[in-house]
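Just so you know, the sequences run in chain order G and E. Quick note on the working numbering: the first sequence kicks off at 316 and runs consecutively. Quick note on the working numbering: the second sequence kicks off at 607 and runs consecutively. Backbone N, C-alpha and C fix where the C-beta goes; we use that ideal spot for every residue, glycine too. Notes follow the structure.
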Amino acid sequence: MHKKVTFGGFAFPLVLLLPQLAITFVFFLWPAAQALYQSVLRQDAFGLRTTFVGLDNFARLLNDPSYLASFKVTLVFSTSVTLTGLAVALLLACMADRVIKGSGAYKTLLIIPYAVAPAVAGVLWYFLFNPSIGILAYLVRGLGYNWNHQISGTDAMILVVIASVWKQISYNFLFFLAGLQAIPKSLIEAAAIDGAGPWKRFTSIIFPLLSPTTFFLLVVNVVYAFFETFGVIHATTSGGPGQATTILVYKVFTDGFVALNLGSSAAQSVILMLIVVLLTAVQFRYIERRVQY
Amino acid sequence: MADIAIRNVVKRYGDTQVIHGISIDIAAGELIVIVGPSGCGKSTLLRMVAGLEVITEGEISIGGRVVNRLEPKDRNIAMVFQNYALYPHMSVFDNMAYGLKIAGRPKGEINERVQKAARMLELSELLDRRPRQLSGGQRQRVAMGRAIVRNPAVFLFDEPLSNLDAKLRVQMRLEIKQLQRSLATTSLYVTHDQVEAMTLADRLVVMNQGVAEQIDTPLEIYERPASTFVASFIGSPSMNFLPGEVDGDGTSIALAQGPRLRAMGQALGQHGGRSITLGVRPEHLAMVPEGEEDFHLQVGVVETLGADILVHGKLVEAGAAARQAKGEGGSGIIAARLPGSARVLEGERLPLKVASGLLHLFDPESGKRLVEV
Chain G
316 MHKKVTFGGF AFPLVLLLPQ LAITFVFFLW PAAQALYQSV LRQDAFGLRT
366 TFVGLDNFAR LLNDPSYLAS FKVTLVFSTS VTLTGLAVAL LLACMADRVI
416 KGSGAYKTLL IIPYAVAPAV AGVLWYFLFN PSIGILAYLV RGLGYNWNHQ
466 ISGTDAMILV VIASVWKQIS YNFLFFLAGL QAIPKSLIEA AAIDGAGPWK
516 RFTSIIFPLL SPTTFFLLVV NVVYAFFETF GVIHATTSGG PGQATTILVY
566 KVFTDGFVAL NLGSSAAQSV ILMLIVVLLT AVQFRYIERR VQY
Chain E
607 MADIAIRNVV KRYGDTQVIH GISIDIAAGE LIVIVGPSGC GKSTLLRMVA
657 GLEVITEGEI SIGGRVVNRL EPKDRNIAMV FQNYALYPHM SVFDNMAYGL
707 KIAGRPKGEI NERVQKAARM LELSELLDRR PRQLSGGQRQ RVAMGRAIVR
757 NPAVFLFDEP LSNLDAKLRV QMRLEIKQLQ RSLATTSLYV THDQVEAMTL
807 ADRLVVMNQG VAEQIDTPLE IYERPASTFV ASFIGSPSMN FLPGEVDGDG
857 TSIALAQGPR LRAMGQALGQ HGGRSITLGV RPEHLAMVPE GEEDFHLQVG
907 VVETLGADIL VHGKLVEAGA AARQAKGEGG SGIIAARLPG SARVLEGERL
957 PLKVASGLLH LFDPESGKRL VEV
């Protein structure tokens with residue numbers, strides 16, 4: 316017999332919830348409110364005077380070519396990170412799914428990058444691709460391409476994409492592998508008997524059946540590319556050269572904490588917050604009905 | 607239509623041998639049922655025919671063509687899986703059309719063939735549904751339909767009815783048989799259910815621990831089981847086994863529990879003095895008036911089935927007072943299937959006679975059949 320225990324009144328449940336509520340308040344609601352408040356203020360260069368300017372910060376941002384450029388950089392960056400990350404992880408997961416001997420070691424090794432801090436991952440790839448001492452930069456030069464991410468914006472973008480993808484592959488790999496292992500073997504066998512070759516089986520059976528996993532990872536990876544890659548970028552290119560790798564979240568940091576333009580930085584945070592809300596809404600809507608067949 | 611020849615097929619996983627050289631010849635259009643307990647290797651054998659498992663040794667040919675090294679798709683077979691293996695993201699129509707589409711058939715032909723199969727299986731109304739919107743029986747039919755539309759040389763069935771409830775199973779069993787008869791496609795059917803095996807099979811392969819113990823028609827296997835394993839596996843309830851010894855002159859058998867069965871005929875002469883295991887099917891025991899019995903049954907439990915009753919009890923010597931079974935003589939627990947009209951009370955001592963000519967003698971060491979009696 317399971318008896319449901321309930322607490323009457325309002326005060327006692329509140330006390331029980333208080334630790335969680337306090338954390339939410341201090342680390343989420345308060346800063347968020349602060350950002351909202353700051354986004355409608357402007358301070359002078361010496362921080363002596365603060366004036367209320369309404370939505371002027373937002374209006375300036377949307378007319379600022381460097382902000383719009385940052386939007387474009389973010390789009391390119393997050394699309395590349397997400398698509399490359401998913402594709403490589405799916406390939407690895409498909410291969411791991413076929414491995415019988417030593418699969419434990421193989422899987423463990425693939426999961427290790429997830430334990431590496433973003434900044435460390437960034438530094439790792441920074442050295443590998445360093446134009447003077449990097450082994451990969453040397454190899455690429457051997458192929459006839461003069462790699463220099465300190466000068467070329469494209470090279471810098473490729474570098475941060477590689478570092479960010481590498482960091483996230485473990486996560487994607489785990490989910491894809493679980494998804495693959497959830498597909499009954501007999502389905503694949505039935506398709507093989509029906510005459511489908513390996514590629515046809517993948518495109519017509521496996522990939523459609525993985526679609527809930529793929530969609531979930533798509534959302535998670537977009538969020539990752541938008542926000543959690545800060546450490547990678549900060550440790551490798553610092554948003555440069557020029558603004559070639561300044562994604563939105565990095566611009567919030569440079570404008571706010573380096574250039575001390577707090578109003579504009581806060582306004583950018585609010586825009587980012589809206590993007591997160593949108594992404595989360597999409598995510599929840601689809602995760603609610605994950606099975607799409 | 608094609609014949610199948612399975613020649614000395616062996617399957618090993620590493621050092622573990624699971625199939626120890628099986629040979630079966632299947633004529634075109636025949637329905638062969640492979641039956642055996644779980645783990646006997648019957649599904650593995652089927653999967654080797656399908657091309658889903660590598661054949662370690664031996665040879666399998668379909669329609670005169672050795673298929674050992676061919677991919678499943680090149681073997682011209684269709685398979686119905688235990689869990690049906692329907693593609694969950696496709697409609698019933700697409701499930702059935704999948705193989706034809708891959709084969710690159712024209713749209714009109716695909717449509718025509720799927721519609722025809724759907725009519726045959728009463729699925730015409732369901733073609734737009736997804737598998738999860740179907741009942742178990744309907745899914746089963748779709749799986750059959752997917753096999754039929756491709757018009758393969760061989761159907762392979764891997765326990766296709768075991769996920770259905772008892773009533774539906776009986777119905778689908780009949781449908782599969784009718785379908786197989788009308789299409790006359792060579793079929794290999796794996797099951798662990800001996801009733802399914804008996805009712806469906808043209809010929810039966812009884813497998814045990816990777817060996818085909820007997821390959822014959824269902825009736826032949828029922829009447830002349832080649833070993834104690836086959837005898838106990840086929841027939842329900844199982845055959846009763848009683849240890850005993852043939853008399854020196856071969857005219858009677860002394861059972862370890864005491865009773866003596868007389869006048870077994872001349873066939874026993876060659877086994878005079880030998881230990882045997884006597885097999886009697888429950889349905890071959892009859893209630894007789896006191897004095898004509900071979901032995902008595904001390905009734906333990908009576909199960910009423912309506913048409914029949916099953917009487918479970920302990921064997922005791924005819925006429926004599928109930929006496930303790932000899933230690934080495936087995937339990938002496940036997941079952942008898944009597945007409946439903948018989949009135950038997952629990953605790954009663956029932957005079958029973960063995961129907962003449964329906965005894966089975968087995969070697970107690972090897973379990974092999976000894977002689978016709």
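Give me the Cα-Cα distance between residue i and residue j, rounded to the nearest whole angstrom.
{"i": "Leu532/G", "j": "Leu729/E", "result": "38 Å"}
{"i": "Val606/G", "j": "Ile754/E", "result": "Residue confidence for Val606/G is low, a pLDDT of 49 falling below 50, so the modelled location carries little weight; the figure read from the coordinates is stated next. Roughly 29 Å separates the two Cα atoms."}
{"i": "Ala927/E", "j": "Glu954/E", "result": "Only weak support is given to the placement of Ala927/E: the predicted model assigns it a pLDDT of 45, under 50, and the question is left unresolved by the model."}
{"i": "Thr518/G", "j": "Val438/G", "result": "37 Å"}
{"i": "His890/E", "j": "Ile840/E", "result": "15 Å"}
{"i": "Arg364/G", "j": "Gln353/G", "result": "13 Å"}
{"i": "Thr544/G", "j": "Thr569/G", "result": "15 Å"}
{"i": "Val368/G", "j": "Asn576/G", "result": "14 Å"}
{"i": "Val535/G", "j": "Tyr429/G", "result": "14 Å"}
{"i": "Asp470/G", "j": "Lys648/E", "result": "60 Å"}
{"i": "Gly546/G", "j": "Lys515/G", "result": "40 Å"}
{"i": "Glu898/E", "j": "Ala913/E", "result": "25 Å"}
{"i": "Pro849/E", "j": "Ser881/E", "result": "8 Å"}
{"i": "Ile508/G", "j": "Ala961/E", "result": "50 Å"}
{"i": "Glu934/E", "j": "Thr797/E", "result": "No answer about Glu934/E holds up, because its pLDDT of 40 lies below 50 and its placement is not dependable."}
{"i": "Asn682/E", "j": "Gln688/E", "result": "20 Å"}
{"i": "Phe542/G", "j": "Lys319/G", "result": "41 Å"}
{"i": "Leu789/E", "j": "Asp853/E", "result": "54 Å"}
{"i": "Gly946/E", "j": "Val905/E", "result": "16 Å"}
{"i": "Val573/G", "j": "Phe373/G", "result": "20 Å"}
{"i": "Ile612/E", "j": "Val801/E", "result": "25 Å"}
{"i": "Leu1058/E", "j": "Glu819/E", "result": "The displayed coordinates of chain E run from 607 to 979. Any statement about residue 1058/E would go beyond what the structure contains."}
{"i": "His549/G", "j": "Tyr565/G", "result": "8 Å"}
{"i": "Arg736/E", "j": "His695/E", "result": "7 Å"}
{"i": "Asn445/G", "j": "Leu451/G", "result": "8 Å"}
{"i": "Ser479/G", "j": "Ala408/G", "result": "18 Å"}
{"i": "Val660/E", "j": "Val615/E", "result": "11 Å"}
{"i": "Arg943/E", "j": "Leu916/E", "result": "5 Å"}
{"i": "Asp379/G", "j": "Ser579/G", "result": "11 Å"}
{"i": "Asn461/G", "j": "Ser447/G", "result": "11 Å"}
{"i": "Val907/E", "j": "Leu951/E", "result": "9 Å"}
By the criterion of Cβ-Cβ separation under 8 Å, what are the contact partners of residue i in chain E?
{"i": "Leu390/G", "result": "By Cβ distance, chain E contributes nothing, its closest Cβ being about 31 Å from Leu390/G, past 8 Å."}
For a contact defined as C-beta to C-beta under 9 Å, what are the partners of residue i on chain E?
{"i": "Ala511/G", "result": "Lys679, Tyr704, Gly705 and Ile708"}
{"i": "Leu524/G", "result": "Tyr693, Pro694 and His695"}
In terms of DSSP beta bridges, what is residue i paired with?
{"i": "Asp359/G", "result": "Partner(s): none; Asp359/G has no beta bridge."}
{"i": "Glu851/E", "result": "Ala860/E and Ser881/E"}
{"i": "Asp914/E", "result": "Pro945/E"}
{"i": "Leu958/E", "result": "Met893/E and Phe901/E"}
{"i": "Ile612/E", "result": "Ile630/E and Ile666/E"}
{"i": "Val908/E", "result": "Val917/E"}
{"i": "Leu585/E", "result": "The question about residue 585/E has no answer, for chain E in this structure spans 607 to 979."}
{"i": "Asn445/G", "result": "Partner(s): none; Asn445/G has no beta bridge."}
{"i": "Arg779/E", "result": "BP columns for Arg779/E are empty, so no partner."}
Give the interface partners of residue i over in chain E, defined as CB-CB distance under 7 Å, in chain order.
{"i": "Gln520/G", "result": "Contrary to the premise, residue 520/G reads as Ile rather than Gln in this sequence. In chain order: Tyr693."}
{"i": "Lys515/G", "result": "Ile708"}
Taking residue i as the query, report the chain G residues whose CB atoms sit under 7 Å from its CB, ordered along the chain.
{"i": "Phe687/E", "result": "Ser501 and Ala505"}
{"i": "Ala656/E", "result": "Ile508"}
How would you write the range of the alpha helix (DSSP H) that residue i sits in, first residue to last?
{"i": "Pro527/G", "result": "Phe522 to Val538"}
{"i": "Leu964/E", "result": "Neither: Leu964/E is in no alpha helix (DSSP H) and is coded neither H nor E."}
{"i": "His549/G", "result": "Phe545 to Thr551"}
{"i": "Asp470/G", "result": "Gly468 to Gln496"}
{"i": "Ile450/G", "result": "Ile450 to Gly457"}
{"i": "Glu504/G", "result": "Lys500 to Ile508"}
{"i": "Phe392/G", "result": "Pro380 to Arg413"}
{"i": "Trp462/G", "result": "Where Trp462/G is concerned, there is no enclosing alpha helix (DSSP H), given that its DSSP letter is neither H nor E."}
{"i": "Gly419/G", "result": "Ser418 to Ile426"}
{"i": "Phe373/G", "result": "Asp371 to Leu377"}
{"i": "Ala430/G", "result": "Here Ala430/G belongs to no alpha helix (DSSP H), and DSSP marks it neither H nor E."}
{"i": "Thr569/G", "result": "First-last for Thr569/G: undefined, no H or E at that position."}
So which residues on chain G does residue i lean against when the C-beta distance must stay under 8 Å?
{"i": "Ile683/E", "result": "Ile508"}
Name the two residues that bound the continuous beta strand (DSSP E) containing residue i.
{"i": "Phe367/G", "result": "Thr365 to Phe367"}
Which full runs of the beta strand (DSSP E) of 3+ residues lie inside the region 688–770 of chain E, going along the chain?
When DSSP assignments are scanned along the region 688–770 of chain E, the uninterrupted stretches of beta strand (DSSP E) that are 3 or more residues long and fall wholly within it turn out to be 760–764.
Complete beta strand (DSSP E) runs within the region 790–843 of chain E (minimum length 3 residues, chain order):
792–797, 809–814 and 817–822, all fully within the region 790–843 of chain E.
Counting only runs of 3+ residues fully inside the region 617–685 of chain E, write out the beta strand (DSSP E) ranges in chain order.
Under the rule that a run must span 3 or more residues, the beta strand (DSSP E) segments found entirely inside the region 617–685 of chain E read 622–632, 637–641 and 663–668.
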